[in-house]
Amino acid sequence: MSFVPLSYQISVAPQAHLFQVSLNISEPDPEGQILALPAWVPGSYTIRDLARHVTQIHAERNGQDVALHKIGKDRWRLAAGHGPVVVRYAVYAFDRSVRTAYLDDQGGFFNGPAIYLRVLGQEDQAHAVLLEGPEDWQVATALPRQSGATWGWGSFIAAEYRALIDHPLLMGTLTLLDFSAGERPHHLLIQGIHQADLQRLGPDLARICDWQQRFWGDAAFAEYHFLCMTSADGYGGLEHRASSALLCARDDLSGRNEDHYQRFLGLVSHEYFHGWLVQAIRPAVLSASALDREALTRDLWIFEGITSYYDDLCLRRAGLTTPAEYLRGVGKELTRLLRRPGRFLQSLAESSEDAWIKLYHPHANSANFEVSYYNKGALLALCLDLSLRLESDDGRSLDTLLTRLWQDYGRTGKALPEGQCIHLVEALAGPTLAARLESWLTEKTDLPLRALLAEMGIALHLRAACGPQDEGGQACEKTPPVWLGAHWRPHALGAQLHHVQSGGPAEQAGLSPDDILVALDGVRTTAEHMPTQLDALSAGAALRIHFFRDDILMETQLTSAPPPPDTAWLELLEDADEVVLARRRAWLEA
Numbered sequence: 001m002s003f004v005p006l007s008y009q010i011s012v013a014p015q016a017h018l019f020q021v022s023l024n025i026s027e028p029d030p031e032g033q034i035l036a037l038p039a040w041v042p043g044s045y046t047i048r049d050l051a052r053h054v055t056q057i058h059a060e061r062n063g064q065d066v067a068l069h070k071i072g073k074d075r076w077r078l079a080a081g082h083g084p085v086v087v088r089y090a091v092y093a094f095d096r097s098v099r100t101a102y103l104d105d106q107g108g109f110f111n112g113p114a115i116y117l118r119v120l121g122q123e124d125q126a127h128a129v130l131l132e133g134p135e136d137w138q139v140a141t142a143l144p145r146q147s148g149a150t151w152g153w154g155s156f157i158a159a160e161y162r163a164l165i166d167h168p169l170l171m172g173t174l175t176l177l178d179f180s181a182g183e184r185p186h187h188l189l190i191q192g193i194h195q196a197d198l199q200r201l202g203p204d205l206a207r208i209c210d211w212q213q214r215f216w217g218d219a220a221f222a223e224y225h226f227l228c229m230t231s232a233d234g235y236g237g238l239e240h241r242a243s244s245a246l247l248c249a250r251d252d253l254s255g256r257n258e259d260h261y262q263r264f265l266g267l268v269s270h271e272y273f274h275g276w277l278v279q280a281i282r283p284a285v286l287s288a289s290a291l292d293r294e295a296l297t298r299d300l301w302i303f304e305g306i307t308s309y310y311d312d313l314c315l316r317r318a319g320l321t322t323p324a325e326y327l328r329g330v331g332k333e334l335t336r337l338l339r340r341p342g343r344f345l346q347s348l349a350e351s352s353e354d355a356w357i358k359l360y361h362p363h364a365n366s367a368n369f370e371v372s373y374y375n376k377g378a379l380l381a382l383c384l385d386l387s388l389r390l391e392s393d394d395g396r397s398l399d400t401l402l403t404r405l406w407q408d409y410g411r412t413g414k415a416l417p418e419g420q421c422i423h424l425v426e427a428l429a430g431p432t433l434a435a436r437l438e439s440w441l442t443e444k445t446d447l448p449l450r451a452l453l454a455e456m457g458i459a460l461h462l463r464a465a466c467g468p469q470d471e472g473g474q475a476c477e478k479t480p481p482v483w484l485g486a487h488w489r490p491h492a493l494g495a496q497l498h499h500v501q502s503g504g505p506a507e508q509a510g511l512s513p514d515d516i517l518v519a520l521d522g523v524r525t526t527a528e529h530m531p532t533q534l535d536a537l538s539a540g541a542a543l544r545i546h547f548f549r550d551d552i553l554m555e556t557q558l559t560s561a562p563p564p565p566d567t568a569w570l571e572l573l574e575d576a577d578e579v580v581l582a583r584r585r586a587w588l589e590a
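Quick note: the sequence shown uses the UniProt record's numbering, first residue 1, plus one each step.
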């Protein structure tokens, strides 16, 4: 490997869950080089305090210890001096997620910000990485390789620090699936126990990637890696410039449960779409950040909301789902929003600004006070798409807007300025729609989905939930007679509340999250039996409840209410006229 001024040597200690790192700095600042870990991970907008996983750190020059002083929670300063320095440190890796690092005797993964110390002032220098580990393990990354066999240990290089941390690594005994899309090589690598149906996954992933490349017309990468970890019930993804880090339940890959398999395809679709919208079409506020503090933006509805709209729409247009299946997903998305009283307290723009302190820190009352820029952002994107189509007789759509973003910002490498998307909508469709979009972003009201869907020959129906597991999206014949305004889970003593909806009967009765209900009208209750006990009631009935709070037995009286119509499902109207049917086909089959 040719000389590189900054180089990392990384080895693994699986049983201790440690990545052991040696950072060689050929020309540290003689007045005292500062080292730092990022405060947050690109694509995941919350302060992560990654330095808390550094278990030991020290520095040497010519075999002699060099003083290393901590000057902040995630930064250190070397003592002044001349000549190369080696900084040795260990990172504890036992977070099975796509954001940080995980390592055990079966394999591992790391996302760059959790591992690579930043040498302040030298971020634009080339950075080299030498990886070492068990001979029977494989390594997968989109980081350019300099030495070693394909999928083996070896050396890698990045042009600068931001590129270095944007190429995660997966290691262990890996299952490899190669496929081509848009004449570009793609690789799915799976780490962990699984029973993946590779013969089905290969063609399905190729269809997703082919459609998205045709949609954009170009790509910013020549080769792409999907790095997938499996676990019992994991789920998550994070986009990178030439790869995606994925976490899924191992059963999602088998295809035995069609909903779970479609969930994985939707995850792949979402993160791959980010290869354009986030990685190439970059938010200016976030891309200008030094990753050392929060960077507030009101535009996450674009980068996450629009992507969340297209992830399932891509599956429909690629022929992997039917129109009815796609609309079932839209119904579930709307149901999730309707069950959040917080939609009347927090705007979509505020949700984006508050990502740093709210979205990634959910609690029992989150639904009462917040909305998600993923969830409501996807539904806003649907409203914007249909509005553009209707007001131009299908001459323009959200597809048109994204094409413009790709031409002006993705291909040119210019970052998208804050708020610029609204100006582009105005240029594309006029001030009226731009003003409407602004109101959807800033007002704390429901979106005009019913009217817009009706123009596509689709009826929006609302009903009460059929039961605790009802996610919406389809019709239901039987609904419970009463509603408590609370969700519960099993507990050894009874039924423990984990969400109490604001304004509902449970809140009015003084019940709170974590209360353990043990008896209804003097009869013992459990999480399993409570639905049957409630079915015997009628709306307006008084219900005596005994419950434990902090090990103290308490009693209250609750007045039951009829269940609210907070569950959505969409119906394709086949008797719509040909103009409407053609409009619907142009949307769902483009």
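Note that beta-carbon positions come from the ideal geometry of N, C-alpha and C, so glycine has one too.
- Within the region 26-75, the complete beta strand (DSSP E) runs of at least 3 residues fall at 34-36, 54-61, 64-66 and 68-72.
- Taking residue 339 as the centre and dropping the five residues before and after it, the same chain places the C-beta of 367 and 566 closer than 7 angstroms to its C-beta, in chain order.
- Here DSSP, grouped into helix, strand and coil, assigns residue 260 to helix.
- Beta-bridge partners of residue 178 (DSSP): 187.
- The DSSP-derived three-state label of residue 270 is helix.
- Exposure of residue 478 is indicated by the presence of fewer than 16 other C-beta atoms within 10 angstroms of its C-beta.
- Residue 105 and residue 73 do not touch by the CB rule: their CB atoms are close to 31 angstroms apart, not below 8 angstroms.
- In terms of CA proximity to residue 276, 416 leads the group 335, 416 and 328.
- Bounds of the beta strand (DSSP E) holding residue 89 are 85-92.
- The bridge partners DSSP lists for residue 229 are 191 and 247.
- Counting along the chain, the unbroken alpha helix (DSSP H) around residue 350 starts and ends at 348-353.
- Note on residue 375: 16 or more other CB atoms within 10 angstroms of its CB, so buried under the neighbour-count rule.
- Its Cα nearest to that of residue 204, the residue 268 stands out among 141, 268, 190 and 99.
- Taking C-beta separations shorter than 7 angstroms and ignoring five residues to either side along the sequence, the partners of residue 92 in its chain run 17, 18, 53 and 55, following chain order.
- Taking a 10 Å sphere around the C-beta of residue 456, we find 16 or more other C-beta atoms and assign the residue as buried.
- Residue 208 is not a Cβ neighbour of residue 405, given a cutoff of 8 angstroms.
- Residue 508 sits in a helix when the DSSP states are folded into three classes.
- Within a 10 Å sphere around the beta-carbon of residue 229 sit 16 or more other beta-carbons, which makes this residue buried.
- Here residue 296 is exposed: its Cβ has fewer than 16 other Cβ atoms, across all protein chains shown, within 10 Å.
- Every unbroken stretch of the beta strand (DSSP E) spanning 3 or more residues and falling wholly within the region 495-570 is given here in chain order: 516-520, 542-549 and 552-559.
- When DSSP states are grouped into helix, strand and coil, residue 24 belongs to the strand group.
- Taking 8 angstroms as the cut-off, the beta carbon of residue 480 is found closer than this to the beta carbon of residue 534.
- Nearest in C-alpha terms to residue 77, of all of 45, 34 and 66, is 34.
- DSSP places residue 381 in the helix class (H, G or I) of the three-state scheme.
- Cβ neighbours of residue 241 within its own chain (closer than 8 angstroms, five residues either side excluded): 142, 163, 166, 167, 220, 221, 275 and 279.
- Per the coordinates, the alpha-carbon of residue 66 lies some 5 angstroms from the alpha-carbon of residue 60.
- Sequence-distant Cβ neighbours of residue 145 in its own chain, meaning closer than 7 angstroms and more than five residues away, are 154 and 156.
- In summary, residue 407 is exposed, with fewer than 16 beta-carbon neighbours lying within 10 Å of its beta-carbon over all protein chains present.
- With a contact defined as Cβ atoms closer than 8 angstroms, residue 254 and residue 197 qualify at about 6 angstroms.
- In the pairwise beta carbon analysis, the region 232-239 is classified as touching the region 93-100: at least three pairs are separated by under 8 angstroms.
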